[in-house]
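Asks:
Residue numbers (my numbering): 4 to 448.
1. Among the residues of its own chain, which have a CB less than 7 Å from the CB of residue 353, if the five just before and after it don't count?
2. Decide if residue 251 is buried, meaning its Cβ has at least 16 other Cβ atoms within 10 Å, or exposed.
3. State the DSSP-derived secondary structure class of residue 93, mapped to helix, strand or coil.
4. Under 8 Å, do residue 289 and residue 390 count as touching if we go by C-beta distance?
5. Grab me the residues of residue 44's own chain with a C-beta within less than 7 Å of its C-beta, minus the 5 sequence neighbours each way, in chain order.
6. Excluding sequence positions up to five away, which residues of its chain have a Cβ less than 8 Å from the Cβ of residue 367?
7. Would you mind giving the Cβ-Cβ distance between residue 281 and residue 378, rounded to the nearest angstrom? I have them listed as a contact below 8 Å.
8. Between which two residues does the alpha helix (DSSP H) harbouring residue 288 extend?
9. If residue 459 and residue 128 are in contact, beta carbons under 8 Å, what's the gap, nearest whole angstrom?
10. Look at the alpha carbon of residue 222 and the alpha carbon of residue 233, and state the distance between them as a whole number of angstroms.
11. Inspect the beta-carbon positions of residue 303 and residue 263 and report whether they are closer than 8 Å.
12. Give the straight-line distance between the Cα atoms of residue 238 and residue 20, rounded to the nearest whole angstrom.
13. Going by DSSP in three states, residue 99 sits in which element: helix, strand or coil?
14. Between residue 307 and residue 283, how many whole angstroms is the CB-CB distance? I'm expecting something under 8 Å.
15. Contact between the segment 354-362 and the segment 408-423 is defined here as three or more beta-carbon pairs at a separation below 8 Å; is this criterion met?
16. Please work out which residues of its chain come closer than 8 Å, Cβ to Cβ, to residue 134, disregarding the five sequence neighbours upstream and downstream, and give them in chain order.
17. In angstroms with no decimal places, state the Cα-to-Cα distance between residue 211 and residue 433.
18. Excluding the five sequence neighbours on either side, which residues of its own chain have a C-beta within less than 8 Å of the C-beta of residue 34, listed in chain order?
19. What is the C-beta distance between residue 166 and residue 9, in whole angstroms, given that I count them as a contact (C-beta under 8 Å)?
20. Going straight from the alpha carbon of residue 325 to that of residue 241, what length do you get?
21. Alpha carbon to alpha carbon, how far is residue 97 from residue 37? Give it in angstroms, no decimals.
22. Would you kindly work out how many angstroms separate the C-alpha atoms of residue 42 and residue 169, rounded to a whole number?
23. Among the candidates 147, 236, 408, whose CA atom is the shortest distance from the CA of residue 195?
24. Hey, how far is the Cα of residue 201 from the Cα of residue 376?
25. Answer yes or no: do residue 312 and residue 192 have a C-beta to C-beta separation smaller than 8 Å?
As structure tokens, this is what we get:
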């Protein structure tokens with residue numbers, strides 16, 4: 004969903020974009036939150052220890068009466084301290100602090116491994132593929148520049164590529180597509196499943212009590228980490244993701260086998276369909292022109308982009324976890340939450356607002372500025388996906404001689420007001436987990 008062509012950026016500007024994508028990724032932001040929480044818990048532990056030391060000093064001054072009483076007090080204090088020392092491994096505050104610390108290290112290991120292995124694998128593929136090397140050479144892109152930028156963008160679910168055509172330039176490079184699929188999944192929908200597997204593996208390898216405790220009970224209750232889900236929920240999440248991707252692959256292959264996928268071999272068609280299906284809920288990289296796909300497929304993609312990343316078919320009763328910072332709600336806050344609209348209602352308002360700001364284009368250029376194109380753009384911005392229908396001068400009813408086709412998203416042709424509204428949609432979508440319970444006061448029957 005770029006408003007400018009990517010090939011106008013220099014290597015230095017691509018480096019700045021890489022840093023922004025990395026620091027703004029969902030996993031990295033959550034890692035910063037974990038580090039901040041561990042620092043706070045460590046300070047609280049230091050303060051409590053100093054307070055206990057001061058209280059022991061005060062007791063020693065107050066009980067200074069007779070040597071017999073003093074000796075008895077020292078003996079009792081030593082016995083009590085011995086008992087506390089023996090129980091210290093199961094202290095709740097210590098366990099919580101160590102759990103947050105260990106979880107931070109696990110998440111950090113996942114981030115480092117994903118970027119190092121992903122970048123190395125992409126670079127190795129490009130060096131081994133003459134076609135991919137020719138494509139990068141024609142774009143004046145270095146192999147490692149492309150590998151690092153693509154790895155960070157895919158894992159952070161940004162959807163940017165350093166070339167104008169996005170992944171359409173690599174529609175025949177099935178190996179590269181299959182390398183990017185696990186990166187996109189591990190940075191978004193399947194991150195809880197990957198995290199649960201890594202935590203369990205670390206617990207089996209180290210037998211640290213905090214890691215064992217995280218696998219034995221709900222780790223989210225212990226650490227307050229949003230992405231740490233119970234084992235059963237992680238398994239059902241993986242099954243749900245696989246099912247939704249399979250439905251999309253079957254629909255794309257069934258309806259576009261002789262359409263948008265024509266000219267490819269059977270394996271290339273399946274690989275492209277899989278790549279587009281995975282990216283419809285994640286990164287937004289695409290090897291196909293979305294404007295050429297059947298409307299039924301586009302509606303399915305809109306639904307996939309609207310769904311939250313951890314949507315799960317879970318036909319079991321899930322115990323409600325303890326909130327990290329439980330607070331008592333006032334009547335005013337309850338009223339505000341109950342009158343808030345649902346997520347779908349807000350999206351409808353945004354679409355109406357964009358139709359108002361772009362009403363002249365809707366009248367003069369209806370083939371490009373169709374309602375479906377606007378809905379796809381808004382749903383993509385809300386889901387932080389990055390899919391776009393694009394804009395084609397050949398679809399203009401009244402051809403403009405000055406019109407030139409550009410490798411930009413559809414939003415690049417919008418007015419400034421429409422772009423600002425879409426930016427608000429992106430921010431709203433990034434923070435959607437804080438407002439998923441809105442609209443309960445609105446009764447439809």
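Idealized CB from N, CA, C, for every residue including glycine. It should be emphasised that the depicted structure is a prediction, and the values quoted were computed from it without experimental measurement.
Replies: This is what the structure gives:
1. For the purposes of this step, residue 353 is taken as residue 350 along the chain shown, with counting starting at 1. Listed in chain order, the non-local C-beta contacts of residue 353 below 7 Å within the same chain comprise 381, 424, 428, local neighbours out to five positions each way being set aside.
2. Taking the chain shown and counting its residues from 1, the one referred to as residue 251 is at position 248. Buried is the call here.
3. The residue labelled residue 93 in the question sits at position 90 within the chain shown. Here residue 93 scores only 48 on pLDDT, less than 50, and its place in the model should not be relied on; the value that follows carries that caveat. DSSP places residue 93 within a helical segment (H, G or I) once states are collapsed to three.
4. Locating residue 289 in the chain shown gives position 286, where the first residue counts as 1. Locating residue 390 in the chain shown gives position 387, where the first residue counts as 1. Yes, the Cβ-Cβ distance between residue 289 and residue 390 is below 8 Å.
5. To locate residue 44, count along the chain shown from 1; it is residue 41. Closer than 7 Å at the Cβ level, and outside the excluded window around residue 44, lie 99, 100, 103.
6. In the chain shown, residue 367 corresponds to position 364, counting from 1. Listed in chain order, the non-local C-beta contacts of residue 367 below 8 Å within the same chain comprise 400, 401, local neighbours out to five positions each way being set aside.
7. For the purposes of this step, residue 281 is identified with residue 278 of the chain shown, where counting begins at 1. For the purposes of this step, residue 378 is identified with residue 375 of the chain shown, where counting begins at 1. Between the beta-carbon of residue 281 and that of residue 378 there is about 21 Å, and that puts the pair past the 8 Å contact cut.
8. Counting from one through the chain shown, the residue named residue 288 turns up at place 285. First-last for residue 288: undefined, no H or E at that position.
9. Residue coverage of the chain in this structure runs from 4 to 448, which leaves residue 459 outside it and unanswerable.
10. Locating residue 222 in the chain shown gives position 219, where the first residue counts as 1. Locating residue 233 in the chain shown gives position 230, where the first residue counts as 1. When rounded, the distance between both Cα atoms is 7 Å.
11. Residue 303 sits at position 300 when you count from the first residue of the chain shown. Residue 263 sits at position 260 when you count from the first residue of the chain shown. Not closer than 8 Å, so no.
12. As a first step, residue 238 must be located in the chain shown, where it is residue number 235. As a first step, residue 20 must be located in the chain shown, where it is residue number 17. CA-CA distance, residue 238 to residue 20, rounds to 35 Å.
13. The residue labelled residue 99 in the question sits at position 96 within the chain shown. Helix at residue 99.
14. The residue given as residue 307 occupies position 304 in the chain shown. The residue given as residue 283 occupies position 280 in the chain shown. Sure, about 4 Å apart at Cβ, within 8 Å.
15. Three or more beta-carbon pairs drawn from the segment 354-362 and the segment 408-423 are found closer than 8 Å, and the two stretches are therefore classed as touching.
16. Taking the chain shown and counting its residues from 1, the one referred to as residue 134 is at position 131. Taken in chain order, the residues that qualify are 175, 176.
17. As a working note, residue 211 is residue 208 in the chain shown. As a working note, residue 433 is residue 430 in the chain shown. So the alpha carbons of these two residues sit roughly 35 Å apart.
18. Looking up residue 34 in the chain shown gives position 31. Cβ neighbours of residue 34 beyond the five flanking positions: 107, 110, 111, 114.
19. In the chain shown, the residue the question calls residue 166 occupies position 163. In the chain shown, the residue the question calls residue 9 occupies position 6. The Cβ separation is near 6 Å, so the contact holds.
20. Working through the chain shown from its first residue, we reach residue 325 at position 322. Working through the chain shown from its first residue, we reach residue 241 at position 238. Summary for residue 325: the model assigns pLDDT 44, below 50, so the residue's position carries little reliability, and this model does not support an answer.
21. On the chain shown, position 34 is the one that residue 37 refers to. On the chain shown, position 94 is the one that residue 97 refers to. Distance between the alpha carbons of residue 37 and residue 97: 16 Å.
22. Here residue 42 refers to the residue found at position 39 of the chain shown. Here residue 169 refers to the residue found at position 166 of the chain shown. Going by C-alpha positions, residue 42 is about 41 Å away from residue 169.
23. Counting from 1 along the chain shown, the entry for residue 195 is found at position 192. Of all alpha-carbon atoms in 147, 236, 408, the one lying nearest the alpha-carbon of residue 195 is that of 236.
24. By one-based count along the chain shown, residue 201 stands at place 198. By one-based count along the chain shown, residue 376 stands at place 373. So the alpha carbons of these two residues sit roughly 40 Å apart.
25. Translated into the one-based positions of the chain shown, residue 312 becomes position 309. Translated into the one-based positions of the chain shown, residue 192 becomes position 189. Annotated as proximal: residue 312 and residue 192, with beta-carbon spacing under 8 Å.
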